[in-house]
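Notes to accompany the following structure.
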Amino acid sequence: MEFTLLAAVLIGVLPVYLVLRWDGHRCGTGVRDLWDIALSAAVIGLFVGRLAAMISAGVSPIAHPADILIVRGGVATGPATTAALAAVVWMGRRDLWSVLDGLAPAAVAGLGGWHAGCLARGACLGTPSDLPWAVAQGGSAITRHPVEIYAALALIAAAVTLVLVRPRLEARPGSATGIALFVAAVVRLATEPMRPALGSGPVGWYSVGVLAGASLVLWALRPGRKPAPDPDTG
Amino acid sequence: MRRIIPIAAVMLLAAACSSQHTDPADIPDLPAVTTEELQQVLSDSTQPTVVNVWASWCIPCRSEAPLLEQAARTATDVRFIGLNVQDDQDGARGFIAQFFPDAAIDHLFDPAGEIPVSLGGTRGVPMTFFYAPGGQLVDLHAGVIDERTLALQIDEIRSR
């Protein structure tokens, strides 16, 4: 069963690579370095998120280190995202905004790809729905929202849009990062009520993401801020 | 040294977070069950039922145990049965003491591990069967289950 999870991860990684190939040249850090940073941050985020999920479930990572590998057992969204962001900030600290803005569209695309990976995991369906495109799982008469497909389409569309508008945002370092964070959190927040869940889900973390993204955009685009010099003209 | 101290502090914190709330000696022995007896329980049930197959030596079972405990706490209209397989009573009681001390889960004992195969599964653990009221098998999930899948299948068996 873990092979389906691996397939979903690969479906998530592919858009990151493609978007970096498409858009990464704008960043002075270079596509290969951005790719390394993205993968390293993803692994660090996954590791920290898994540790946090284990600790919150009362399982000691020291007593049961092999459990860390059972990713399907749960990854805490908030700690994972925070750790991945912290890793990017640390690895890209020499040219922070350039690295963050360079990775932003790829990160949104990767998140979209991860949601599309539900097709490999067989986990696309959400709450019941009568909409014409609602889908029933095998043997069931109950049609449901293909909620992960909604999220995937919205995020991929956002990533493409972000790539297309990036030239206009280059003079405002941090704006692409803020928009990416805002969009990713809004999409998760908007689709969360359509996901079957045992509790309320990490809605609080998504709300923090919305606020942080919006704050970053407002800060980056504030009227009094001096735009960054055009790298092409110096 | 300055780098080691925070790492050591985090590891200590993680170790401290390990919980063994209940003494395994306080957990009664699990009642042994046969395939026929379990099938009778399922067909007599007026509630949707989740049967989770687990073993104390199974690492993935440890990962999904907190999720099942949460499900049993929140889906009070669903009956949860834990089927301990290929295990011994001491191991099973230790596992219950750590992960399910107060959970509304009826644990049964199948040391030979034949029942899941008879119900249509395999000898692998973990495995989760979802039954509609009356004992109709709705879904069988092999391997570690995640929250979305568990919640979706619970929703399915509630709706049948």
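Protein chains in written order, with numbering that gives the first Met the number 0: chain B, 0 to 233; chain G, 0 to 159. All residues carry an ideal CB built from backbone N, CA and C; glycine is no exception. Since this is a predicted model, take the numbers as computed values, not measurements.
* **Endpoints, alpha helix (DSSP H) assigned at W34/B** => Indexing the first sequence from 1 puts residue 34/B at position 35. Per DSSP, W34/B belongs to the alpha helix (DSSP H) from 30–55.
* Asked: Under the rule that 16 or more other beta-carbon atoms within 10 Å means buried, what is W53/G, buried or exposed?
  -> One-based indexing of the second sequence puts residue 53/G at position 54. Buried, since its Cβ has 16 or more Cβ neighbours within 10 Å.
* Go ahead and pull the three-state DSSP assignment for P65/G. => On the second sequence, position 66 is the one that residue 65/G refers to. DSSP places P65/G in helix when its eight states are reduced to three.
* **Ordered list of alpha helix (DSSP H) runs contained in the region 138–169 of chain B, each at least 4 residues** => 146–168
* To do: Drop a sphere of 10 angstroms on the beta-carbon of L210/B, count the other beta-carbons inside from all chains shown, and report buried for 16 or more, exposed for fewer.
  => For the purposes of this step, residue 210/B is identified with residue 211 of the first sequence, where counting begins at 1. Exposed, because fewer than 16 other Cβ atoms sit within 10 Å of the Cβ of L210/B.
* **Assigned secondary structure, T48/G (DSSP; H/G/I helix, E/B strand, else coil)** => Counted from its first residue, the second sequence places residue 48/G at position 49. Three-state result, T48/G: strand.
* Could you pull out every residue in the same chain whose Cβ sits closer than 8 Å to the Cβ of G233/B, ignoring the five residues on either side in sequence? => Mapped onto the first sequence, residue 233/B falls at position 234. Low local confidence applies: a pLDDT of 45 at G233/B is under 50, so the model's placement there is unreliable, with the coordinate-based value given in what follows. Around G233/B: no qualifying Cβ.
* Leaving out five residues on either side along the sequence, give the residues of the same chain with a beta carbon under 7 Å from the beta carbon of P201/B. => As a first step, residue 201/B must be located in the first sequence, where it is residue number 202. T76, G77, listed in sequence order.
* Tell me, to the nearest whole angstrom, how far the beta carbon of I36/B is from that of V98/B; I am working on the premise that it is less than 8 Å. => To locate residue 36/B, count along the first sequence from 1; it is residue 37. To locate residue 98/B, count along the first sequence from 1; it is residue 99. Right, their Cβ atoms sit about 7 Å apart.
* **Close-in-space but distant-in-sequence residues of the same chain around G23/B (CB under 8 Å, 5 per side omitted)** => Along the first sequence, one-based indexing puts residue 23/B at 24. G29, V30, L33, W34, G101, A105, listed in sequence order.
* Any non-hydrogen atom of the ligand SAM closer than 6 Å to A37/B Cβ -> As far as ligands go, the structure on display features none, and thus does not contain the ligand SAM.
* **Under 7 Å from the C-beta of R61/G: neighbouring residues of chain B** => Position 62 of the second sequence, counting from 1, holds the residue named residue 61/G. The answer, in chain order, is V58, H63, D66.
* Taking only the alpha-carbon atoms, compute the straight-line gap between R61/G and D66/B and give it to the nearest angstrom. => Start at 1 with the first residue of the second sequence, and residue 61/G comes out as number 62. Start at 1 with the first residue of the first sequence, and residue 66/B comes out as number 67. Each residue's Cα considered, the two are about 8 Å apart.
* Using the C-alpha atoms, what's the distance from P125/G back to T161/G? -> Within the shown structure, residues of chain G are numbered from 0 to 159, placing residue 161/G beyond reach of any answer.
* **Rounded separation between R72/G and A85/B - CA only** => Counted from its first residue, the second sequence places residue 72/G at position 73. Counted from its first residue, the first sequence places residue 85/B at position 86. Taking the straight line joining both Cα atoms gives about 35 Å.
* **Backbone secondary structure at I69/B - three-state DSSP** => By 1-based counting over the first sequence, the position of residue 69/B is 70. Coil.
* With 16 other CB atoms within 10 Å as the buried threshold, where does A62/B fall? -> Sequence index remark: in the first sequence, residue 62/B carries index 63 (1-based). Result: exposed.
* **From L136/G, T75/G, D28/G, residue whose alpha carbon lies closest to that of D87/G** => For this step, residue 87/G is matched to residue 88 along the second sequence. Across the set L136/G, T75/G, D28/G, the C-alpha of D28/G shows the shortest separation from the C-alpha of D87/G.
* Asked: What residues in its chain sit with their C-beta under 7 Å from that of V182/B, if we drop five residues either side in the sequence?
  -> As a first step, residue 182/B is located in the first sequence; it is residue number 183 there, counting from the start. In its chain, beyond the 5 residues on either side, V107, A157 have a beta carbon closer than 7 Å to the beta carbon of V182/B.
* Taking Cβ-Cβ distances shorter than 8 Å, what residues in chain G pair up with L124/B? -> Position 125 of the first sequence, counting from 1, holds the residue named residue 124/B. By Cβ distance, chain G contributes L151.
* **Neighbour flag for S158/G against chain B, beta carbons, 7 Å** => Here residue 158/G refers to the residue found at position 159 when the second sequence is read from its first residue. For S158/G, the answer is yes, since a Cβ of chain B falls inside 7 Å of its Cβ.
* **Extent of the continuous alpha helix (DSSP H) run through R120/B** => In the first sequence, the residue the question calls residue 120/B occupies position 121. Segment 117–120, the alpha helix (DSSP H) holding R120/B.
* In angstroms, rounded to a whole number, what distance separates the CA positions of L217/B and G177/B? -> Walking along the first sequence from the start, residue 217/B turns up at place 218. Walking along the first sequence from the start, residue 177/B turns up at place 178. Their Cα atoms are separated by approximately 8 Å.
* Coarse secondary structure for P60/B, derived from DSSP in three states -> Here residue 60/B is taken as the residue at index 61 of the first sequence, counted from 1. Coil at P60/B, not helix or strand.
* Does the separation of the CB atoms of G116/B and A83/B fall below 7 Å? -> Along the first sequence, read from residue 1 onward, the residue named residue 116/B stands at position 117. Along the first sequence, read from residue 1 onward, the residue named residue 83/B stands at position 84. Not in contact: G116/B and A83/B (Cβ atoms no closer than 7 Å).
* Going along chain G in order, which residues have a C-beta closer than 9 Å to the C-beta of I243/B? -> Nothing can be reported for residue 243/B: it is not among the residues displayed for chain B, which extend from 0 to 233.
* Residues that L197/B contacts on chain G, provided the C-beta gap is smaller than 9 Å -> Translated into positions along the first sequence, residue 197/B becomes position 198. One finds L66, Q69, A70, R72, T73, A74, E146, L149, A150, I153 in chain G with Cβ atoms closer than 9 Å to the Cβ of L197/B, taken in chain order.
* Asked: Are the C-beta atoms of I148/B and some chain G residue less than 7 Å apart?
  -> On the first sequence, position 149 is the one that residue 148/B refers to. Cβ-Cβ to chain G under 7 Å: no for I148/B.
* Could you please give the first and the last residue of the uninterrupted beta strand (DSSP E) stretch that includes R78/G? => As a position in the second sequence, residue 78/G is number 79, starting the count at 1. It spans 78–84 - the beta strand (DSSP E) in which R78/G sits, taken as one unbroken run.
* In the structure shown, what three-state DSSP assignment does L118/G receive? -> Within the second sequence, the letter at position 119 stands for residue 118/G. It is coil, neither helix nor strand.
* To do: Going by DSSP, name the residue or residues bridged to G75/B.
  => Position 76 of the first sequence, counted from the first residue, corresponds to residue 75/B. Before going on, a small fix: residue 75/B reads as Ala here, not Gly. Answer by DSSP bridge pairing: none, since A75/B is not bridged.
* Please go through the same chain and pick out, in chain order, the residues whose beta-carbon is closer than 7 Å to the beta-carbon of L215/B, but skip the five residues on each side of it. => As a working note, residue 215/B is residue 216 in the first sequence. Excluding sequence neighbours, L215/B sits near G173, T176, G177, L180.
* Would you mind sorting T127/G into buried or exposed? The rule is 16 or more other CB atoms within 10 Å of its CB. => Looking up residue 127/G in the second sequence gives position 128. Under this definition T127/G is a buried residue.
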